[in-house]
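So the protein lines, in turn, are chains A and B. Following UniProt numbering, the residues of the first sequence are numbered contiguously, the last one being 216. Following UniProt numbering, the residues of the second sequence are numbered contiguously, the last one being 216. The block underneath contains the structure these notes are about, expressed in structure tokens.
Protein chains: 2
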Amino acid sequence: MLARVSSTPAFKRLPRAVREQQMLDAAVKVFSRRGFHAASMDEIADDAGISKPMVYAYLGTKEELFVACLHREGTRMMQAIAGAAAPDLPADERLWRGLRAFFGFVGAHRDGWAVLYRQARGEQPFAGELAAMRARMVEVVAGMLDHALRAEGREVAEAELEVVAYALVGATESLADWLADHAEADPEKTATRMMNVAWVGAAQLLQGTTWRPPAA
Amino acid sequence: MLARVSSTPAFKRLPRAVREQQMLDAAVKVFSRRGFHAASMDEIADDAGISKPMVYAYLGTKEELFVACLHREGTRMMQAIAGAAAPDLPADERLWRGLRAFFGFVGAHRDGWAVLYRQARGEQPFAGELAAMRARMVEVVAGMLDHALRAEGREVAEAELEVVAYALVGATESLADWLADHAEADPEKTATRMMNVAWVGAAQLLQGTTWRPPAA
DNA sequence: GAGCATACCTACTCGTGCGTAGGGTTACGC
DNA sequence: GCGTAACCCTACGCACGAGTAGGTATGCTC
Chain A
1 MLARVSSTPA FKRLPRAVRE QQMLDAAVKV FSRRGFHAAS MDEIADDAGI
51 SKPMVYAYLG TKEELFVACL HREGTRMMQA IAGAAAPDLP ADERLWRGLR
101 AFFGFVGAHR DGWAVLYRQA RGEQPFAGEL AAMRARMVEV VAGMLDHALR
151 AEGREVAEAE LEVVAYALVG ATESLADWLA DHAEADPEKT ATRMMNVAWV
201 GAAQLLQGTT WRPPAA
Chain B
1 MLARVSSTPA FKRLPRAVRE QQMLDAAVKV FSRRGFHAAS MDEIADDAGI
51 SKPMVYAYLG TKEELFVACL HREGTRMMQA IAGAAAPDLP ADERLWRGLR
101 AFFGFVGAHR DGWAVLYRQA RGEQPFAGEL AAMRARMVEV VAGMLDHALR
151 AEGREVAEAE LEVVAYALVG ATESLADWLA DHAEADPEKT ATRMMNVAWV
201 GAAQLLQGTT WRPPAA
């Protein structure tokens, strides 16, 4: 029953704030490797170098823990992007910096990205949270496009704009996935490629050239 | 202990092939609603109007069952696309028909799409299967772009082409997700929008206009 | 240095859900 | 009409993992 003879405790006592971050680190790692359901609280606790009840005491149930991961990683990503893309720059410059920051983040936080996009998406309880974040990004991209077009005296229906923005965000996520899976890939180069597809392609399109389905 | 008084069996005896399809239908439905882990074999069996041991007898373990779902839905989708996009058509026509068939399929099989993309992606055991399918699509799209460009006398490095194709496939999946979530959305219209982004945008880009990162 | 909050543990309970044992009934060939 | 194979069931065993009970040690305040 006696836990440990009171001589030299093998573990260090650390302040709550520190342990919480360690736990989140471990949780993100394990969730991203195993997936939400397959991950066990025991493994997470173990990986954090702590016992399970501590995790429950600090971060709550498994679902709450996952949400906390989602929140931390999502906030970090958003901050990385927002910090890079100052709103007073011209649209193409903003887009470029935003993309570079984004791919940089994904390259440096592959685990976080996996949690965010590969896991959260499949599990109902969290899909909403994710969708909201994505909606914000679509809005930002649509805003950029709109701004750039107005500057050239053109105007496009909002719905149309949003769909294009949606497609661009999807393309970006897709390349991010690719990046996360290829350790040797260069974030900067990937960002350049995406910039090509997004800026040159979409701007061209919205400037006037339109494809229409054949009569048949 | 006696199962049922031998008078009128409440269930029909059906040949294996039929029951298997019913089970798969139920499995796709339940997996897409709950996710792989949260789905229970009991619920699937129940939904199929059959008892659990039958599912094990015909389709094997839960993992095997999921793979079977993946296989059926994936094959159906590929066939729908391949059947529409005959290889002797011009590239833009092929792309258009392929996209229309794809979005038509997603619109008609929202459950299947959810299983395929939202679930399979998160769970390690199936991610590979999915990645292979996606790789085939990327290859096809890259082939189309390449063909169209050669016809106009231009040539592009294969790696570059593949990344663009990857982005386009990602954009398409993204719109498919959007379509699956919006019951009121029109597949045909969505296909037209994607066609705009893909054909006009990408072709334009690959024809010469290129964006390059600023010196800073 | 007594009291109290905080950090931390081991060792459970208990539900849930996969997979199976063991057996019953209908159709079909011969 | 009789075996035998194909269908189909109810009712479990059993492992795994979420969450908790109950207790110990350490540092900080006064």
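Note that beta-carbon positions come from the ideal geometry of N, C-alpha and C, so glycine has one too.
_Helix, strand or coil for H182/A? Go by DSSP, reduced to three states._
coil
*Out of L161/A, L130/A, A148/A and G153/A, state which residue places its alpha-carbon closest to the alpha-carbon of E139/A.*
L161/A
*What first and last residue would you give for the alpha helix (DSSP H) that runs through H37/B?*
Note, H37/B: premise wrong, no alpha helix (DSSP H); not H, not E.
*Should R94/B go down as buried or exposed, given a rule of 16 or more other Cβ atoms within 10 Å for buried?*
buried
*Roughly how many angstroms separate the alpha carbons of L145/A and V163/A, rounded to a whole number?*
12 angstroms
*Leaving out five residues on either side along the sequence, give the residues of the same chain with a beta carbon under 8 angstroms from the beta carbon of L70/B.*
V115, L116, A120, F126, E129 and L130
_Simplified DSSP state of A91/B, which is helix, strand or coil_ = helix
_For L179/A and L14/B, what's the separation of their Cα atoms in angstroms?_
49 angstroms
_Partners in chain A for S174/B, counting only beta-carbon separations shorter than 8 angstroms_ = Y166, A167, V169, G170, A171, E173 and S174
_Buried or exposed by the 16-neighbour rule on C-beta atoms within 10 Å, applied to R150/B_ = exposed
*Answer with yes or no whether the minimum CB distance from T61/B to chain A is below 8 angstroms.*
no
*Return no unless some Cβ of chain A is closer than 8 angstroms to the Cβ of W113/B.*
no
*asked:* For E20/A and Y58/A, I'd like the C-alpha separation in whole angstroms.
replied: 7 angstroms
*Classify E123/A as buried or exposed, calling it buried when 16 or more other Cβ atoms lie within 10 Å of its own Cβ.*
buried
*Does any C-beta atom of chain B lie closer than 8 angstroms to the C-beta of V163/A?*
yes
*Looking only at C-alpha atoms, which of V141/A, A86/A, M133/A and D177/A sits nearest to R72/A?*
M133/A
*Use the C-beta contact count for G74/B: other C-beta atoms within 10 angstroms, 16 or more gives buried, fewer gives exposed.*
buried
*asked:* Under DSSP, the alpha helix (DSSP H) around E123/B begins and ends at which residues?
replied: Counting along the chain, E123/B falls outside any alpha helix (DSSP H), and DSSP gives it neither H nor E.
*asked:* According to DSSP, simplified to helix, strand and coil, what is A131/A?
replied: helix
*For S32/B, count neighbouring Cβ atoms within 10 angstroms of its own Cβ and tell me buried if that reaches 16, exposed if not.*
buried
*Which of the three DSSP states, helix, strand or coil, is assigned to K12/B?*
coil
*State the DSSP-derived secondary structure class of R212/A, mapped to helix, strand or coil.*
coil
*D42/B beta carbon less than 8 angstroms from that of K29/B*: no
*Listed by chain order, chain A residues near G35/B by CB distance under 8 angstroms*: H37, G122, E123 and Q124
*List the residues of chain B whose Cβ lies closer than 9 angstroms to the Cβ of M41/A, in chain order.*
None at all; the shortest Cβ gap to chain B is about 15 angstroms.
*Mind checking whether L65/B and A167/A have CB atoms under 8 angstroms apart?*
no
*Identify each residue in the segment 178-198 of chain A for which the Cβ-Cβ distance to at least one residue of chain B is less than 7 angstroms, and report them in chain order.*
W178, T192, R193, M194, M195, N196 and V197
*CB contact check: R118/B to chain A, cutoff 8 angstroms*: yes
_CB contact check: P87/B to chain A, cutoff 8 angstroms_ = no
*Sequence-distant residues of the same chain with beta carbon closer than 6 angstroms to R97/A, five excluded per side*: A84 and A85
*asked:* By the DSSP assignment, the alpha helix (DSSP H) with I50/A in it spans what residues?
replied: Per DSSP, I50/A belongs to no alpha helix (DSSP H) and is neither H nor E.
*Taking buried to mean at least 16 other C-beta atoms within 10 Å of its own C-beta, is D181/B buried or exposed?*
exposed
*asked:* For E191/B, which residues in the same chain have their Cβ closer than 7 angstroms to its Cβ, ignoring the five residues on either side in sequence?
replied: Note that residue 191/B corresponds to Ala in the displayed sequence, not to Glu. Contacts found: L99, R100 and F103.
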